[in-house]
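In what follows, a single structure is set out as structure tokens and then discussed.
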Amino acid sequence: MGMVDSPGERRGSKRSARQRKRLGFKLDMTPMVDVAFLLLTFFMLTTTFAKSNTMEINIPPETGEVSVAELNVMTLRVPGDGFAYWSLGEAAPRRVPLYESADAHASLGSELRQVLRQETGRNRKMVIVVRISDKAKYKSLVDIIDEFNLMKIDRFSLDEFTPEDEAATQKAVAMR
């Protein structure tokens, strides 16, 4: 397969009294190529190219209801207008910016982070209900859940964005 031949000719321009003829040799490269391909396939098959970014979410059983006191529920509404509206219990929602700027790579707003940190620090039994509109971007939901994960908030729930939520957010905008 892969042979390397040495030249069988003489070298040098000087003629010496005694000329020696060089002996040719043949080197078979086949075993080296076989080993190289075996190593290449071994490392390709055993290397992890990219780890998937997943988050484990525990889902409660479908049967039965979980009762939570009204004071332990924080509702976070995301209608898709660049703001988040949060409220405790049945209180009127308050408006906070969802992101620091309009940049696509911006992080969640520091005001929203501060609210989450304060309220979960104040009440360890707090359950956050996230209601996100169809008009909102999926990135917003992922960023909110990532922020929960970073803050080690593991008591949250996802719920439908209802017309009542839309009316509550409109009312909060009108109050500003």
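The sequence shown begins at 898 in this note's numbering and counts up one residue at a time. Cβ atoms here follow ideal geometry from the backbone N, Cα and C, with glycine treated the same way. Computed from a predicted model, the values in this text were never measured in an experiment.
Practice task
Assess, as a yes-or-no matter, whether the region 959-977 is touched by the region 1025-1039 under the definition of 3 or more beta carbon pairs within less than 8 Å.
Solution key: yes
Handout entry: Close beta carbons around Phe939, own chain, < 7 Å, minus the five adjacent residues each side
Key = none
Handout entry: Rounded separation between Ser984 and Tyr1035 - CA only
Key = 22 Å
Problem - Within 8 Å, strictly: CB atoms of Val993 and Ala981 - result: yes
Handout entry: Where Ile1025 falls: helix, strand or coil (DSSP)
Key = strand
Problem - Stretch pair the region 1008-1015 + the region 1054-1062: three plus CB contacts closer than 8 Å - result: For the pair of segments examined, the region 1008-1015 was found not to touch the region 1054-1062: the number of CB pairs separated by less than 8 Å stays below three.
Practice task
Classify Thr945 as helix, strand or coil using the three-state DSSP reduction.
Solution key: Secondary structure at Thr945: coil, using DSSP grouped into helix, strand and coil.
Handout entry: Assigned secondary structure, Pro928 (DSSP; H/G/I helix, E/B strand, else coil)
Key = helix
Handout entry: Coil, strand or helix - Lys923 by DSSP
Key = strand
Handout entry: Residue environment, Ser998, which counts as buried when at least 16 other CB atoms sit within 10 Å
Key = exposed
Problem - DSSP three-state assignment for Ser1007, whether helix, strand or coil - result: helix
Problem - Nearest to Tyr996 (by Cα), restricted to the options Val965, Thr960, Ser1037 - result: Ser1037
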